[in-house]
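Novice: Residue 386, in my numbering, is where the sequence shown stops; the numbers in between run on with no holes.
From the three backbone atoms N, C-alpha and C, an ideal C-beta is built for every residue, glycine too.
I have a structure I would like to understand better, so I am pasting it below and will then ask my questions one at a time.
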Amino acid sequence: MDFHLSKTHLLQQQLFRTFAETEIRPLAKEMDENEAYDPALLAKLQKYGFLGIPYSREYGGAGADTLTYTLCMEEVSKVDASTGITISVHTSLCCSCINNYGTEEQKQKFLRPLLDGRQVGSFGLTETNAGSDVQGAQTVAVRDGDDWIINGSKIFTTNSGFADVCVVFAITDRTVPAAKGLTAFIVDLKNTPGVTVSENIERMGIRAASNCIVTYDHVRVTPDRVLGPVGRGFKIAMGALDCGRIGIAAQAVGIAQGALNEAIKYGKERKQFGKPINSFQNTQFKMAEMQTKIDAARLMTWRAALAEDNHENFGPLAAMAKLFASDVANEVCRFAVQAMGGYGYCREYPVERMLRDAKITEIYEGTSEVMKMVISGSMKLK
Ligand SMILES: Cc1cc2nc3c(=O)[nH]c(=O)nc-3n(C[C@H](O)[C@H](O)[C@H](O)COP(=O)(O)OP(=O)(O)OC[C@H]3O[C@@H](n4cnc5c(N)ncnc54)[C@H](O)[C@@H]3O)c2cc1C
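See the structure below:
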């Protein structure tokens, strides 16, 4: 067992950190206020390979591992969680489905442009009546000759405001439970007749991220757009979410570390009762406690990433990492606002945004309650 990052990982971590500080930090506040992601920043993420990190060079990826991807997610989320989710949904949800289940032809045609920076991907699973319980899905796809016609609506599709493609899940067999009747399709979101993308849904946090309702009205897709076997969609979606939860855990670690760093910086300067507030033992002990929890969350996240890289059963480890790290992120952000007093509560300081951003890590890609279902399900309790 080795808790040290390799020289390559340290170098990559430094590159991600420098990019985050110089390119993302200056825009984070404004993007949150505008509730829109900066297109020029998105273009830079594409240009510098942020959208293909843990995928083979053969298909246009960076050829790095999942651990490197978590380092990226932590560094960008330290300064802007919206950038974190933009990268994460594209990488862990959309691209993993095509990478793991696509044919060679589909990988060349659909995965390559997503990994080499030409296109952005999204993932459409959640519906108004199908959130934690995916089996409530009502979006359907029926055969028309060799083609399929998709009808339905997906809510909360991250990246959909600018994404080129979406991996969409639709019921193709109503006579069996959705776990066996769901099929994955690769749909072009731009210029496809019948596809409508709503305005950005107004939200509490990660407000710069794109998150819309996508409606599919008699959308015709050709057979080459069916991803994996017909009826295997549930398994494909659950596998993608296992990957995704490692990214969200890393996002939560990043938000937490970013918020604690802000509180530390502030507490060195802010004087009350004639002393910097960081000189009070109460503040020091609380900061020590927060850093300990962040480190524990980070190690759990790395453990899950290494398990994925080693092709082990990483699903429960990813769920544990997400459950713990998201809880830590919320606790640390609440602390950071408290430690900065009234100033922490003001928009001028980033911890106000970070506290709003932290909440979503307990909800998306499976709520904390769903994480407990995944973990307890792996524990052979009965
Ligand atoms: C900002 C944002 C981005 C998102 N991005 C995407 C995306 O890109 N693609 C996508 O497909 N989806 C996306 N989602 C959807 C997200 O994954 C769902 O919101 C989440 O899975 C929860 O579903 P729900 O909102 O329908 O809540 P519900 O399932 O209605 O849950 C409500 C509450 O009930 C609890 N609950 C439900 N069932 C049980 C149970 N059996 N036992 C105990 N408690 C239970 C939940 O834990 C939760 O606390 C996104 C959501 C948001 C808000």
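Does the Cβ of E316 have 16 or more other Cβ atoms within 10 Å, making it buried, or fewer, making it exposed?
Specialist: exposed
Novice: Compute the Euclidean distance between the alpha carbons of F289 and N282, then round it to the nearest angstrom.
Specialist: 10 Å
Novice: Use the C-beta contact count for G345: other C-beta atoms within 10 angstroms, 16 or more gives buried, fewer gives exposed.
Specialist: exposed
Novice: Are the CB atoms of G106 and L231 within a distance shorter than 9 Å?
Specialist: yes
Novice: Measure the alpha-carbon distance for T176 versus V169 and round it to whole angstroms.
Specialist: Rounded to whole angstroms, T176 to V169 spans 20 Å at the Cα level.
Novice: Is it right to say N334 is buried, meaning 16 or more other beta carbons lie within 10 angstroms of its own, or is it exposed?
Specialist: buried
Novice: In chain order, what residues of the same chain lie with their CB nearer than 6 Å to the CB of L119, ignoring the 5 residues before and after it?
Specialist: In its chain, beyond the 5 residues on either side, G56, Y59, Y63, G64, G65 have a beta carbon closer than 6 Å to the beta carbon of L119.
Novice: Once DSSP output is grouped into helix, strand and coil, what is the label at C350?
Specialist: coil
Novice: Go through its chain and collect everything with a Cβ distance to A300's Cβ below 8 Å, but skip five positions before and after it.
Specialist: F328, V332
Novice: May I ask whether a heavy atom of ligand 1 can be found less than 8 Å away from the beta carbon of S372?
Specialist: Yes, the Cβ of S372 comes within 8 Å of a heavy atom of ligand 1.
Novice: Helix, strand or coil: how does DSSP classify N334 here?
Specialist: helix
Novice: Considering only the beta carbon of each residue, do R351 and E37 sit closer than 9 Å?
Specialist: Yes, the pair counts as a contact, with Cβ atoms nearer than the cut-off.
Novice: Judging by CA-CA distance, which residue of Q110, K363, V234, K51 is the nearest neighbour of D150?
Specialist: V234
Novice: For the putative contact between A309 and T70, defined by C-beta atoms under 8 Å, what is the C-beta separation to the nearest angstrom?
Specialist: 4 Å
Novice: Using alpha carbons as the reference points, say which of G53, P43, L45, T72 lies closest to K11.
Specialist: T72
Novice: Can you find a CB in chain D that lies within less than 9 Å of the CB of P197?
Specialist: Among the protein chains of the structure shown there is no chain D, as only one such chain exists.
Novice: Would I190 pass as a contact of V146 if the rule is Cβ separation under 9 Å?
Specialist: no
Novice: Is N204 near ligand 1, with its Cβ less than 8 Å from a heavy atom?
Specialist: no
Novice: For the beta strand (DSSP E) containing K158, name the first residue and the last one.
Specialist: 151-162
Novice: Ligand 1 heavy atoms versus the CB of N475: any closer than 8 Å?
Specialist: Any question about residue 475 goes unanswered here, given that the chain covers just 5 to 386.
Novice: Give a yes or no on whether the C-beta atoms belonging to N163 and A213 are separated by under 9 Å.
Specialist: Yes, these two residues count as a Cβ contact at 9 Å.
Novice: Give me the Cα-Cα distance between T371 and F277, rounded to the nearest whole angstrom.
Specialist: The alpha-carbon separation between T371 and F277 amounts to approximately 43 Å.
Novice: Using alpha carbons as the reference points, say which of K376, V257, V199, V180 lies closest to T296.
Specialist: Out of K376, V257, V199, V180, V257 has the C-alpha closest to the C-alpha of T296.
Novice: With distance defined between alpha-carbon atoms, name the residue in L19, S136, G348, L385 nearest to F238.
Specialist: S136
Novice: Look up H8 in the DSSP assignment and say whether it is helix, strand or coil.
Specialist: coil
Novice: Pick from A292, R207, L359, G381: whose alpha carbon is nearest that of G319?
Specialist: Closest option to G319, judged by alpha-carbon separation, among A292, R207, L359, G381: G381.
Novice: Apply the 10 Å Cβ neighbour rule to G140 and answer buried if 16 or more other Cβ atoms are within range, or exposed otherwise.
Specialist: Result: exposed.
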